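Its first residue numbered 103, the sequence shown is counted upward by one per residue in the numbering used here.
Beta carbons are placed, not taken as given, at the ideal position from N, Cα and C, and that holds for glycine.
Everything numeric in this text was worked out from a predicted model, so none of it was measured.
Here the structure is laid out as structure tokens; the discussion comes afterwards.
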Amino acid sequence: MIIYNVTTKVDPAIKNDWINWIKAEHIPDIIATGCFTNAIIAQLLEVDDSEGPTYTIQYHAESKAQYNFYTEKFAAVMRQKAFDKWGNKFIAFRSLMQVVN
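Quick look at the structure:
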């Protein structure tokens, strides 16, 4: 299994609206691509939240090929939707992991 992890620091002024949007719109849109089977959202603990809370969203894909298809066909549009809605009120970085059994 592949985990596509997106870590995002959110401006405190948009925190509640961002959480609602990520749960109701953004995550469902990404799952609807068919590239990921599910997603988990979590808030980082024991970090400096003075500039806003930090969240991770872990999207699970059955294969690297599915992740690659997502990055080739959908990622740019999904990222642009976030920038169009929130501007510079968040920063995000991404990482890719493989589950080791």
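Judging by CA-CA distance, which residue of Ile-193, Lys-117, Ala-115, Gln-160 is the nearest neighbour of Phe-138? Gln-160
Beta bridge counterpart(s) of Ala-141 as assigned by DSSP: According to DSSP, Ala-141 bridges with Tyr-161.
Applying the criterion that 16 or more other CB atoms from any shown protein chain within 10 Å of the CB defines a buried residue, is Gly-154 buried or exposed? buried
For His-162, which of Ile-129, Lys-187, Ala-194 has the nearest alpha-carbon? The shortest C-alpha separation from His-162 is found at Ile-129.
For the pair the stretch 109-126 and the stretch 164-176, tell me if three or more CB-CB distances fall below 8 Å. Because the criterion of three Cβ pairs below 8 Å is not met, the stretch 109-126 and the stretch 164-176 do not touch.
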